[in-house]
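Numbering (my numbering), first residue to last: 1144 to 1291.
Okay, here's the thing in structure tokens:
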């Protein structure tokens, strides 16, 4: 096990600025993932989301729905906890890039036209959290203190 690399991955800025970003993004990602995985909050679940993903060229649709839904749902939970924050935020940023360019980009910026502004905002939040880490109130900081 490479302790210095793990420590570097989990170390973050010692401030509270990541907390509101982590909490808001975590709630949003968790809810959107739950729509895809479990059909909660008006979502279509794996079957419906998979069929839609297949229809826009993301095949196999079921696997893509499971991958995106899992990244969002579990990634959102990890952001809320501030656990494995940097790698989680990277995965979520990539997920948002896929959403932007596979679904929303052709519709322009604005959400009213199913554009990419919301996904772009989540991408920016994810990148910010990835760069600064989980912050002062994160489980990452607890883990770093306990790594020798």
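We put the beta carbon where it would ideally sit given N, CA and C, even for glycine.
Here the structure is a predicted model, which means the values were calculated and not measured.
Cβ atoms of residue 1179 and residue 1212 come within 8 angstroms of each other, at about 3 angstroms. Secondary structure in the segment 1201-1249: the alpha helix (DSSP H) runs of 4 residues or longer, each lying completely within the stretch, are 1204-1224 and 1228-1242 in chain order.
Annotation: residue 1157 to residue 1284 spans about 9 angstroms, alpha carbon to alpha carbon. Here the alpha carbon of residue 1222 sits roughly 31 angstroms from the alpha carbon of residue 1198. In the three-state reduction of the DSSP assignment, residue 1279 falls in the coil class, being assigned neither a helical nor a strand state. Selection 1277, 1290, 1288 and 1287 evaluated against residue 1159 yields 1277 as nearest (Cα-Cα).
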